[in-house]
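Residue numbers (numbering that gives the first Met the number 0), protein chains in the order written: chain A, 0 to 236; chain B, 0 to 236; chain C, 0 to 230; chain D, 0 to 230.
Okay, structure first, notes after.
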Amino acid sequence: MTIDKRVAGLAAAVAGIKDGAVVMVSGFGDAGNPTELLHALIEQGARDLCVINNNAGTGRLGLAALLNAGRVRKVICSFPRSSHSEIFQQLYRDGKVELDVVPQGTLAERIRAGGAGIGGFFTPTSAGTPLAEGKETRIIDGTEHVLEHPIHADVALIKADKADHLGNLTYRLAARNFAPAMCMAADLTIVQAASIVAPGGIDAEHVVTPGIFVDRIVHVPDPISEAEILRDEEAGL
Amino acid sequence: MTIDKRVAGLAAAVAGIKDGAVVMVSGFGDAGNPTELLHALIEQGARDLCVINNNAGTGRLGLAALLNAGRVRKVICSFPRSSHSEIFQQLYRDGKVELDVVPQGTLAERIRAGGAGIGGFFTPTSAGTPLAEGKETRIIDGTEHVLEHPIHADVALIKADKADHLGNLTYRLAARNFAPAMCMAADLTIVQAASIVAPGGIDAEHVVTPGIFVDRIVHVPDPISEAEILRDEEAGL
Amino acid sequence: MTPLITPLAREQMAWRVAQDIPHNAPGGTYVNLGIGMPELVANHLPDDADIMFHCENGILGMGPVARRGEEDFDLITAGKKPVTVVPGAAFFDSTDSFAMIRGGHIDIAVLGAFQISRTGDLANWSTGDNTVIPAVGGAMDLAQGAKRVFVITNHQSRDGAPKIVETCTYPLTGRGVVSTVFTDLAVIDVTPAGLMVREIVDGLGLADLQAKTGAPLTAAPDCRTLARPQN
Amino acid sequence: MTPLITPLAREQMAWRVAQDIPHNAPGGTYVNLGIGMPELVANHLPDDADIMFHCENGILGMGPVARRGEEDFDLITAGKKPVTVVPGAAFFDSTDSFAMIRGGHIDIAVLGAFQISRTGDLANWSTGDNTVIPAVGGAMDLAQGAKRVFVITNHQSRDGAPKIVETCTYPLTGRGVVSTVFTDLAVIDVTPAGLMVREIVDGLGLADLQAKTGAPLTAAPDCRTLARPQN
């Protein structure tokens, strides 16, 4: 067994991502954002991207920087209006980016469906609301449900805590959020991990994302935290 | 915080299970069967049960014993014909138990749907086969899919490895199988755990089943393994 | 106007909501606090309450807010605030988190509101103003999925319009989802028989309350004075 | 009959299947071996092959069968045999396991068969005999979900009936799912142009093979002698 999904660096990690790609990006607020991979994607140059994330970029780094570089055609997310989301907001008001708002649980479940081979599912979430308009509905056990479709991506950019050479992953604390589902739902899953260990270095019972869902791993030992930077700036540090 | 879901013993664990109940039972082959809880259920006396398990009882203990005691009206499972499943086979041939065969992945997903509030889902599995007969189908992206419905239970009987007082659970090796989904899908989730620890005794990142899905925990420190018994019998030990 | 009445302040409203969250139910109470005013509710629950807080970004067992300088930005609430966790906490991914919500495993969700209708419809995610970027987050999942939805809100909007209305004019978050509305003036249950006033602020009559409300109210048989904290 | 030919034995068939499983693909090859004859395939793959075996009961990284006396019955295959795991294995629950299968993440599933049709329909779970208790396990999920489905089977049933047929008469496991059929006499690819014979056992002509087959065969342009192990 010599499977080894490590790549040499960030440029190699994002090589081959095409213009027009659908790109899932892990993270929620500042927890779990693959900031270094996003910066490498800016360097790499792909444009006209459709990005799927819970938010729509905060601050100036990571997804906000990708947006600011004019590389994003469309954002699919649940909450684009977090604090420090000025870059997205300006682009949206200027008509320079499309937006598709999806309830957070439906977004997660649609991504999982994309990864798990589910062709669609009925959920009560959003029934009777504007977000259900134009969608097929059905009464199930007396409750109106909305038919939702799977989301699949060309690429997933993921931040993990620990990875082994086979792509088995763990995540820190609440930085897990959308990553496990996104790893499943992309043709090419690219992971930045704070530490990389040999096979067996993660207890088989503690693996959160099995390596079968991962294609490339790059070592980013000290990932940037924009929230830490903002806090320190506010504190005058 | 003084939440404590421990109960005094096996009788208390299975108290209140009603005749006619739908009962999910964790396990696959001999891995993950809540044998002691099943024996307690025999003592408890509930009958006319609908049991959901991957199999339909092997050997003489656990689910096979419940079947042999005449308590089971119906079995929903994927593979009732494993080796040592003579008790079920005889009852089935005698017309004393109903059988609903569901593909294993569809069974797991239907249970998850029941726990996750999904009203139904489309899967390509079983399309074009006798198991799709009478079911709604739909072509999605050129592939025929079958609409499958959630399964919900009154009770889940679960074998875990470690539990804390709040009901957070871990499982040993491949004994995990159907347990996490079943914990979600029952009104009353009853767990036998080989060890019980105080809150904090399981790393929050290693929890497999969060305690929100668990109602009662009973300590069964040395759970019986019928496969071990059979092996030792065959070896003349 | 009724000059003698003293509406509850924000923290008093949060305290009032906290009184309706079971503190020592067998097996505990699983609670999700929405972003904004609902977050204040945690300040008014005893430390030893048998309550587990759920954050939809993947935490069960949220503890107090992290101290300045001790933040870990991998451990944040749905409102992106750094927090801590209690012993016995669990982390999980977004699909499992919303399985908890959608699957009816959260006992109580406390949410803010723009409008609540007579039948418990909730509007809290959009005013329909096209100049504001739409953003829904987990609000629709929580509204639909929690066993009980508590709404904490001022009784009237800043311009004096009633927030409790016959039919919501703002875009809905969920239909028929609200269990109880906790305002600065009253506690009102949404029941099959309509809106039942369970508590009303001292000095305010039902007719006065009705005048500030856009849907018909009925006094519950045991309607009493709106409780507020002693201190 | 062709007295001179020597059909492959079971282990030789398993060896032949193993030759078509990539041993050192970048990123490895993820393989699920069905219960019965497919399990033999593992015996014929080099120890250092970049192959991860998936067991649908929740293992990725299945290793060799456990030694007698060292079994752990919490660590079994889908066929309920005690096994071991390799370094870098992972355990997961049934929903995740079938997400791997249904979601197209398993590169190759090796399955047995009662019948295979010209268009790659597979029947391997029921003979339709009402005296036999129906049991499907994970067969339908694997047949439908794996990127490629390899079938390992004798070319004919014990009573001499062809297993490769125009239309399956047994209940289907999946429609149009089989990629390649490995028999004791031939290797046959299911293609849009029909059944293409890629290898045929030494001494057997295509006409002879066709006579044992219930659907039309075509020789692939590079059709050659069926490979078998040297020893």
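Using N, Cα and C, we set each Cβ at its ideal position, and we do this for glycine too.
{"Item": "Kindly indicate which residue of Asp201/D, Gly159/D, Arg197/D, Ala65/D has the alpha-carbon position closest to the one of Thr212/D.", "Value": "Gly159/D"}
{"Item": "DSSP on Thr94/C, reduced to helix/strand/coil?", "Value": "helix"}
{"Item": "Assign His218/A to one of three DSSP states: helix, strand, or coil.", "Value": "strand"}
{"Item": "In whole angstroms, give me the CA-to-CA distance for Tyr29/C and Pro79/A.", "Value": "28 angstroms"}
{"Item": "In the DSSP assignment, what residue or residues form a beta bridge with Gly173/C?", "Value": "Leu121/C"}
{"Item": "Is there a Cβ of chain A sitting closer than 7 angstroms to that of Phe27/B, yes or no?", "Value": "no"}
{"Item": "Between the Cα of Arg174/C and the Cα atoms of Ser224/A, Pro33/A, Val154/A, Pro123/A, which residue gives the shortest distance?", "Value": "Pro123/A"}
{"Item": "Would Gln229/C pass as an interface residue toward chain A - the criterion being a Cβ-Cβ separation below 7 angstroms?", "Value": "no"}
{"Item": "Under 7 angstroms between the Cβ atoms of Ile132/D and Pro37/D?", "Value": "no"}
{"Item": "Looking at C-beta atoms only, is the number of pairs between the segment 218 to 236 of chain B and the segment 167 to 177 of chain B that lie closer than 8 angstroms three or more?", "Value": "no"}
{"Item": "Starting from Pro220/C, trace the beta strand (DSSP E) in both directions and tell me its first and last residue.", "Value": "216 to 224"}
{"Item": "Rounded to the nearest angstrom, what separates Arg92/A and Pro102/A at their Cα positions?", "Value": "21 angstroms"}
{"Item": "Residues of chain B with CB under 8 angstroms from Leu59/C, in chain order?", "Value": "Pro209, Gly210, Ile211"}
{"Item": "Over the uninterrupted beta strand (DSSP E) stretch that includes Gln114/C, give me the two end residues.", "Value": "114 to 116"}
{"Item": "Can you list the residues of chain A that His205/B reaches, using a CB-CB cut of under 7 angstroms?", "Value": "His205"}
{"Item": "Check whether the Cβ atoms of Gly144/D and Gly116/A sit closer than 7 angstroms, and answer yes or no.", "Value": "yes"}
{"Item": "Whose C-alpha, out of Leu208/C, Asp140/C, Arg117/C, is nearest the C-alpha of Asn56/C?", "Value": "Asp140/C"}
{"Item": "At which residues does the beta strand (DSSP E) containing His144/B begin and terminate?", "Value": "142 to 147"}
{"Item": "Give a yes or no on whether the C-beta atoms belonging to Gln114/C and Val164/C are separated by under 7 angstroms.", "Value": "yes"}
{"Item": "For the beta strand (DSSP E) that Val50/A lies in, which residues bound it at each end?", "Value": "48 to 51"}
{"Item": "How long is the line joining the alpha carbons of Leu48/A and Asp19/D, rounded to whole angstroms?", "Value": "38 angstroms"}
{"Item": "Secondary structure at Lys182/A, three-state DSSP: helix, strand or coil?", "Value": "The sequence given here has Cys at residue 182/A, not Lys. Three-state result, Cys182/A: helix."}
{"Item": "Does DSSP put Ile199/C in a helix, a strand or coil?", "Value": "strand"}
{"Item": "Out of Val196/B, Arg72/B, His83/B, which one is the CA nearest neighbour of Gly94/B?", "Value": "Arg72/B"}
{"Item": "With burial defined as no fewer than 16 other Cβ atoms inside 10 Å of the residue's Cβ, what is the status of Thr1/C: buried or exposed?", "Value": "Any reading at Thr1/C needs caution, since the residue's pLDDT is 47, under 50, leaving its predicted position unreliable; the model's value is listed next. Exposed, because fewer than 16 other Cβ atoms sit within 10 Å of the Cβ of Thr1/C."}
{"Item": "I believe Phe90/D touches Ala203/A by the beta-carbon criterion, under 8 angstroms. Please report the beta-carbon distance rounded to the nearest angstrom.", "Value": "5 angstroms"}
{"Item": "For chain A, is any of its Cβ atoms less than 7 angstroms away from the one on Ile117/B?", "Value": "yes"}
{"Item": "In whole angstroms, give me the CA-to-CA distance for Arg101/C and Asn167/B.", "Value": "20 angstroms"}
{"Item": "Does DSSP classify Glu225/B as helix, strand or coil?", "Value": "helix"}
{"Item": "My output table needs one value for Thr1/D: the three-state DSSP class, helix, strand or coil.", "Value": "In this prediction, Thr1/D scores a pLDDT of 47, lower than 50, which makes its location untrustworthy; the coordinate-derived value is nonetheless stated afterwards. The answer is coil: DSSP assigns Thr1/D none of H, G, I, E or B."}
{"Item": "What's the C-alpha gap between Val135/D and Lys80/C?", "Value": "49 angstroms"}
{"Item": "Given that a residue counts as buried once 16 or more other Cβ atoms are within 10 Å of its Cβ, and exposed if not, what is Leu40/B?", "Value": "buried"}
{"Item": "Got a sec: is the Cβ-Cβ distance from Thr241/A to anything in chain C below 7 angstroms?", "Value": "For chain A, the structure presents residues 0 to 236; residue 241/A sits outside this window and is missing."}
{"Item": "Among the candidates Pro63/D, Leu203/D, Glu70/D, Asn123/D, whose CA atom is the shortest distance from the CA of Thr44/D?", "Value": "Note that residue 44/D is Leu in the sequence shown here, rather than Thr. Per the Cα distances, Pro63/D."}
{"Item": "In the DSSP assignment, find the unbroken beta strand (DSSP E) run with Ala12/A in it and report its ends.", "Value": "Not the beta strand (DSSP E): Ala12/A falls in the alpha helix (DSSP H), residues 9 to 12."}
{"Item": "Would you give the residue range spanned by the beta strand (DSSP E) that Phe181/C belongs to?", "Value": "179 to 181"}
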